[in-house]
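A.B. asks: In my numbering, the protein residues as written are 16 to 1012. The beta-carbon is built from N, C-alpha and C at its ideal position, and this holds for glycine as well.
(1) Taking the alpha helix (DSSP H) that residue 947 belongs to, which residues open and close that run?
(2) Which of helix, strand or coil does DSSP assign to residue 745?
(3) May I ask you to verify whether the region 418–432 touches the region 536–555, counting CB pairs closer than 8 Å and requiring at least 3?
(4) Please state if the CB of residue 723 and the CB of residue 696 are separated by a distance shorter than 7 Å.
(5) With distances taken between CB atoms, is the gap from residue 56 to residue 71 smaller than 7 Å?
(6) When the distance is taken between beta carbons, is residue 184 closer than 7 Å to residue 3?
(7) By how many angstroms is the C-alpha of residue 935 removed from the C-alpha of residue 972?
(8) With H, G and I counted as helix, E and B as strand and the rest as coil, what does DSSP make of residue 63?
(9) Out of 520, 532 and 445, state which residue places its alpha-carbon closest to the alpha-carbon of residue 497.
(10) Quick test of your reading: residue 345 and residue 467, contact by CB under 8 Å. State the CB separation rounded to the nearest angstrom.
(11) Can you give the Cα-Cα distance for residue 370 and residue 173, rounded to whole angstroms?
(12) Is the number of C-beta pairs between the region 932–950 and the region 287–301 that are closer than 8 Å three or more?
(13) Is there contact here, the region 455–474 with the region 239–251, by at least three beta-carbon pairs under 8 Å?
(14) Rounded to a whole number of angstroms, what is the C-alpha to C-alpha distance between residue 21 and residue 462?
(15) Which word fits residue 692, buried or exposed, when buried means at least 16 other C-beta atoms lie within 10 angstroms of its C-beta?
(16) Using CA atoms only, rank isn't needed, just tell me which of 583, 910, 412 and 762 is closest to residue 945.
(17) Among residues of its own chain, excluding the 5 on either side of residue 503, which ones have a beta-carbon nearer than 7 Å to its beta-carbon?
(18) Quick check: residue 951 and residue 870, are their CB atoms within less than 7 Å of each other?
(19) Roughly how far, in whole angstroms, is the beta-carbon of residue 434 from the beta-carbon of residue 265, given that I think they are within contact range, below 8 Å?
(20) Using a Cβ-Cβ cut-off of 6 Å (strictly less than) and excluding sequence neighbours within five positions of residue 373, which residues of its own chain qualify?
(21) The alpha helix (DSSP H) spanning residue 1009 covers which residue range?
(22) Report all residues from its chain with a CB closer than 6 Å to the CB of residue 797; omit the five preceding and five following residues, and keep chain order.
(23) Quick one: give me the first and last residue of the alpha helix (DSSP H) that residue 894 is part of.
(24) Quick check: the Cα distance between residue 964 and residue 915, rounded to an integer number of angstroms?
(25) Quick one: what's residue 719 bridged to in DSSP?
(26) Assuming residue 588 is part of the beta strand (DSSP E), what are its boundary residues?
(27) Could you spell out where the alpha helix (DSSP H) holding residue 492 opens and where it closes?
(28) In this structure, does DSSP put residue 88 in helix, strand or coil?
(29) Touching or not, the region 512–526 and the region 396–412, by the rule of three or more beta carbon pairs under 8 Å?
(30) Helix, strand or coil for residue 365, going by three-state DSSP, please let me know.
(31) Return the chain-ordered list of same chain residues with a C-beta closer than 6 Å to the C-beta of residue 970, the five sequence neighbours on each side being excluded.
(32) How many angstroms separate the CA atom of residue 439 from the CA atom of residue 396?
(33) Would you call residue 315 buried or exposed, if buried means 16 or more other Cβ atoms sit within 10 Å of its Cβ?
(34) Could you name the residues that DSSP lists as bridge partners for residue 422?
(35) Quick check on the DSSP output: what are the complete alpha helix (DSSP H) runs of length 4 or more inside the region 299–324, in order along the chain?
(36) Answer with buried or exposed for residue 37, where buried requires no fewer than 16 other C-beta atoms within 10 angstroms of its C-beta.
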């Protein structure tokens, strides 16, 4: 498989030589997997094959037939008329299998099916009808039980006597059922005329409505144009057409330019205990796949099944090829209970797959979960997480109590499972550190997969499935979690600002502008990789909304604004209430009195109770209410300190409630409390990050402020801020009565990492000693990435055996000299100190040099504002379909000249080829009369800033330090680490050129 034609021809030539060396008269049997189909029928090849081949003849099959003709041999498995799935396995006249791939699965499967048919019989396969049993009385139930026992007796021993007994009981039951049903309906009609019977009318109406919407009732569907199809053949064609198109078409996506290294490592063999655990997790009574072998078979076989499956799975793992029978599935449309019941698009396709394959998936999934670490924002199908852990309702209540706006967008992905690109899945698995062996095993699960649709009008023809994940698979939910984890790595924020349950995503923000920005980043990150955000189904909700707050936009279109949204089965409302009450308090009280209170008072009618016992019964109700309230609270308090539920319960917001006792504010935002504590310096480790309130403008002149724009993520390089932060803390403590507050959003990870670095650098502590010092005062939890960076710092300090030299001050940076008095480009770690110097937050657009503006996509799309500023030229550093897709046509009708650079904000992207062309464009723009140039990207931080810095270095002969200082004092900028290294290289080249002149 996968060999070049030349290699295949060489194989057959060598096989010819082997055959010619065998003495004449010897009997030769060749058994091999040639991956060839010789085709059905034998016209022209009667001398070497029979009529019962497989499919159409392919190149490999033709080579096998030609070889048989040359050597006067025969393709023997084409002479036996068997079912198609058995034609690839030749069996001799006995029971022994001669060619079995893999191992003896096909034989074992056929033996299981044969035995099951003989011993258990074959069911009709029809869905069990929901019979009305509300009118059954005791006599009817006894008669039905006797009939069932007689049926079992007849199934076990098919004698005429047992048959007659069963038929007699069947006739008797029918008569009794008819009488009981007639009597019950007479009583029902009489009761409906009374006031008490009015409720039964609603119950009957709802039941009839459910029956109408039942999928088994719908045999007539509509085509893509809305025309009703009445024949079974046309209905089957429509179902096949819909799902074949759905499962074989990818959304447009950007081709990846960067690769990922595969993890080549030896994997252990499958152990018996892994198979036992997988068997235990499989539920009984589920619909079987095309192989007709339920999981109950393996459970009943006990240890023999474990041994066989362990051997089978090890062969599949070794060969990376599973049985062909597992590749087939049956797709059943399930109505979504919304929309037109006759429209195929309102059905979700669930695949019925081989239970044995699901066992194999369970084994692989258990191993993958040990290797892959999914982000905390993902709650779907994760251990120790469920819908109750999604703290959205608590967050909404906190903002309602603080009288502050909270903006929530519920992102809907179109056909997320069905359209997930498989190439992205393989990439994400490799990037997550999955061994290449398992990647190939999962690829084999999806290779050559095919299915049929089983609907109310019959079963369709088989078709291939080449796109998306299997809905109904045991492994698919975790694979989807891996994809979402990798695709959202650069855009998701910490919980509760981002929460995901599989493909159900909710993003939250305190401002509408920030929400629009985050939503656009999510759309871009997902759509560039083949996942499409549905603009029509994505919905927006604002909690505690002020008058005239408006809505958010997605690609220029307004997102549907709602007052309530059903998220994960629970309705959340914009007023922060618990949800819509579907059952009135009167009905709830009636149920409580008739069920709960009746159980408490059972058997006490004739008992003389003492006063103490009466009071115990009275307090029992309050006790049950308290237990219900404390049950979830206890669950939360037993979890780790970083658990989202605990963090949300402890979360405090600024502002005060309209009535009642005001909430206490967070320490980092309470200036009065800080002054009472004598705080003089504030180090914000989450400067400008979502969820972090506070900058120099907020704290005023009462405090010395320093902000570090750190992300609490697994890829952020916090080590570049260790020394600047340590220096700030050290200077703060050296001032008279100096006290320093180091904070982030939760006070657990970023802030504690910087304090640990300070203790190691200035107090010469080891990392272990520093941690021990802090945990005596406060619980800390640096993430794994920060802990690794601190370990590296610890090793560096131990090697040097002396205190590291602190970073030069800003003034010395701007004039850093080498040994011969010549300027030298500073390292990246020192350049980071020059960034984010602007005391307040940046605008959508800022003038950083005379006539040069830097901004984001919102400013780029605001043509009236650009015209008001007399902008004559626009340089888009994020040009392209998957970036800020404006282009020259967007500015048609204005006096703006457009130039685009298609760059991606990743450290691996090489921006340097655009330095000189961008610098020339900016220079020409400024040289025109009244010329002003606006340089932008998506955020106005990295790509656009990099090009402006390159211009200042190339055309205005600035050093990199001078360029950064000039721009950063007017706007916060942050070129990514890759761009900063490219600018350092440019700086070195330019300085060398200047020195030679």
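C.D. replies: In brief:
(1) For residue 947, there is no enclosing alpha helix (DSSP H), as DSSP marks it with neither H nor E.
(2) DSSP places residue 745 in helix when its eight states are reduced to three.
(3) Counting Cβ pairs under 8 Å, three or more are found: they touch.
(4) Not a contact, by the Cβ cut-off of 7 Å.
(5) Result no, Cβ atoms of residue 56 and residue 71 do not sit closer than 7 Å.
(6) With the chain represented from 16 up to 1012, any question about residue 3 goes unanswered, as that position is not in the structure.
(7) C-alpha separation (whole angstroms): 14 Å.
(8) Of the three classes helix, strand and coil, the one that applies to residue 63 here is coil, per DSSP.
(9) Residue 445 is the option with its Cα nearest to residue 497.
(10) The Cβ separation is near 6 Å, so the contact holds.
(11) Linking residue 370 to residue 173 through their CA atoms gives a straight-line distance of about 31 Å.
(12) Between the region 932–950 and the region 287–301 there are fewer than three inter-stretch CB-CB distances shorter than 8 Å, so the stretches are not counted as touching.
(13) As far as the Cβ criterion goes, the region 455–474 touches the region 239–251, which means the pair count is three or higher.
(14) About 25 Å.
(15) Per the 10 Å Cβ criterion, exposed.
(16) Looking at the Cα atoms, 910 is the closest of the given residues.
(17) Result list for residue 503: 540, in chain order.
(18) Yes, Cβ-Cβ distance for residue 951 and residue 870 is below 7 Å.
(19) 6 Å between Cβ atoms; contact.
(20) Sequence-distant Cβ neighbours of residue 373 in its own chain, meaning closer than 6 Å and more than five residues away, are 489.
(21) Per DSSP, the continuous alpha helix (DSSP H) segment holding residue 1009 begins and ends at 992–1011.
(22) Cβ contact annotation for residue 797 (same chain, cutoff 6 Å, sequence separation greater than five): 764, 767 and 768, in chain order.
(23) DSSP places residue 894 outside any alpha helix (DSSP H), giving it a letter other than H or E.
(24) Rounded to whole angstroms, the gap between the alpha carbons of residue 964 and residue 915 is 17 Å.
(25) Partner(s): 696.
(26) 585–588 is the span of the beta strand (DSSP E), which, as asked, contains residue 588.
(27) Note, residue 492: alpha helix (DSSP H), 491–502.
(28) Residue 88: coil per DSSP, three-state reduction.
(29) Verdict: yes, contact present.
(30) Residue 365 falls in the strand class under three-state DSSP.
(31) For residue 970, same chain residues with a beta-carbon under 6 Å away, outside a window of 5 residues either side, are 934 and 938 in chain order.
(32) A direct Cα-Cα distance of roughly 20 Å separates residue 439 from residue 396.
(33) Exposed, since its Cβ has fewer than 16 Cβ neighbours within 10 Å.
(34) As computed with DSSP, residue 422 is found in a beta bridge with 524 and 557.
(35) Fully contained in the region 299–324 are the following alpha helix (DSSP H) runs of length 4 or more, in chain order: 310–316.
(36) Exposed is the call here.
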